[in-house]
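J.: Pasting in a structure now, in structure tokens, and then I'll have a few things to ask.
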Amino acid sequence: MRFLGADSHPTLIAGTRRGSEACLPPYRRHRHPALEKNMNPDIRFPHADGTPLESRMNGRCALTPMPASRPLTDLLRLMGGEPDGSEADHAFNVPLWQVRSGATLLLEGARASHVYVVRAGTFKSIKTAEDGYEQVLAFSSPGDVLGFEALCEDRQHTGAVALEDSIVFAISSRDLLLWRRQYPTLDHALQLALSRRLARAGEMTELMAAVSSEVRLARFIMWWSARMEALGQSPRRLRLRMSRRDIASLLGVAHETVSRSFSTFVECGVLSVANREVEIVDLERLKACTRNTRGLADDTPYRSAVGGRPAGLRQRTRTLEAASLAVN
């Protein structure tokens, strides 16, 4: 059941067939900002039988089951596991789902019924505050597992949004429980995935320990470079699937601060930036910056300039040059 509010926006109320107020966090009852942003009013909440969320975006299906599926052995290898002989001979296939860019794969407050393994693409994990601010918690790439809450919780505490057209393995919590008992290597692969997730949480803590925004950004770029290298992509020429605003949310700084930090590295000859294409020009100086936890903290306003360079930027340049000399 729906009705149009005073502002003519569709509003969800208690008593809807597939999504009542109980499905949503308190701050999203009556109206769900993510739904209004990413989906049309024909949104269908997760079914009672656990079928994954379906939605429509711009006339296209945002979450679509693919006609082809992949063997369980492919899933194990993607997660870092090695199938034994019996599983290699097992012909059971795991469903694949296509997720359009900008679509919500996991909805905060919705029923936790599936675990997803990213096969292709990039996702951001988010948590929405009571004031509506969307905090980015992590970025996920192929091999990462989303929806761990389905293993122990009834509801999703965080959301996941596709940053590009992506493909995921979709496993219901019921099937996952059965498969873990039947295939020990799958259980081992899940343990590896959980261990990686905990390790990356520690990496994010280390990233946030830096005082300066430049150091945080440098650590993020090096972290993303290592992720791309592990996936067989170039560690020097990076394609950032996330926006500057997403990066700022993850780093805990303002959006404008991230833009200024990118400009600083470009002016210093450390990076080359063209929209979301980033090339690491001087790797050693960038690494030196990541080790400077308490340095590069000149956050004063850029009020004076010599030779077209702001005073704060000149100070940052000198500090980067000093870091480069220390390396050499």
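The sequence shown: position 127 = 1399 (the numbering used here), numbered continuously. We put the beta carbon where it would ideally sit given N, CA and C, even for glycine. Keep in mind it's a predicted model, so treat the numbers as computed, not measured.
The alpha helix (DSSP H) with His1527 in it runs from where to where?
T.: His1527 -> alpha helix (DSSP H) spans His1527 to Glu1539.
J.: Considering only residues of the same chain and omitting the five flanking positions on each side of Gln1370, which have a CB-CB separation below 6 Å?
T.: Thr1336, Met1338 and Ile1439
J.: Kindly list the residues whose CB is nearer than 6 Å to the CB of Leu1448, restricted to its own chain and excluding five residues on each side of it in sequence; keep chain order.
T.: The beta carbon of Leu1448 lies closer than 6 Å to those of Val1387 in the same chain, with the five residues before and after it left out.
J.: So for Leu1458, helix, strand or coil by DSSP?
T.: helix
J.: Just verifying my parser: in three-state terms, what is the DSSP assignment at Leu1503?
T.: Coil.
J.: How many whole angstroms separate the CB atoms of Leu1458 and Leu1348, which I take to be in contact at a CB cut-off of 8 Å?
T.: 6 Å
J.: CB Leu1432 to CB Arg1372, shorter than 8 Å?
T.: Reading off the sequence shown, one finds Ala at residue 1432, where the question assumed Leu. No, the Cβ-Cβ distance between Ala1432 and Arg1372 is not below 8 Å.
J.: Please report the straight-line C-alpha distance between Lys1396 and Ala1410, rounded to a whole angstrom.
T.: 6 Å
J.: Tell me the rounded alpha-carbon separation between Asp1518 and Asp1554.
T.: 25 Å
J.: Which one of Met1494, Ser1515 and Thr1400 has the shortest CA to CA distance from Arg1269?
T.: Look at the range of the chain in this structure, 1273 to 1600, and you will see that residue 1269 is not part of it.
J.: Quick one: what's Trp1369 bridged to in DSSP?
T.: Pro1337 and Val1440
J.: Quick one, which of Leu1523, Phe1420 and Leu1512 has its alpha-carbon nearest Val1390's?
T.: Phe1420
J.: Please confirm whether Arg1516 and His1527 have their CB atoms less than 8 Å apart.
T.: yes
J.: By the 10 Å Cβ neighbour count, where 16 or more other Cβ atoms means buried, how is Glu1551 classified, buried or exposed?
T.: With fewer than 16 Cβ atoms within 10 Å of its Cβ, Glu1551 is classed as exposed.
J.: Apply the 10 Å Cβ neighbour rule to Cys1424 and answer buried if 16 or more other Cβ atoms are within range, or exposed otherwise.
T.: With fewer than 16 other Cβ atoms inside 10 Å of its own Cβ, Cys1424 counts as exposed.
J.: Would you say Leu1350 and Gly1415 are within 8 Å of each other, going by their C-beta atoms?
T.: yes
J.: Would you give the residue range spanned by the alpha helix (DSSP H) that Thr1562 belongs to?
T.: Leu1555 to Thr1562
J.: If you draw a straight line from the alpha carbon of Ala1473 to that of Ala1482, how long is it in whole angstroms?
T.: Rounded to whole angstroms, Ala1473 to Ala1482 spans 15 Å at the Cα level.
J.: Starting from Ala1520 and walking both ways along the alpha helix (DSSP H), at which residues does that stretch end?
T.: Arg1516 to Leu1523
J.: Should Leu1470 go down as buried or exposed, given a rule of 16 or more other Cβ atoms within 10 Å for buried?
T.: exposed
J.: Could you check whether Ser1385 and Leu1368 sit closer than 8 Å to each other, using their CB atoms as the reference points?
T.: no
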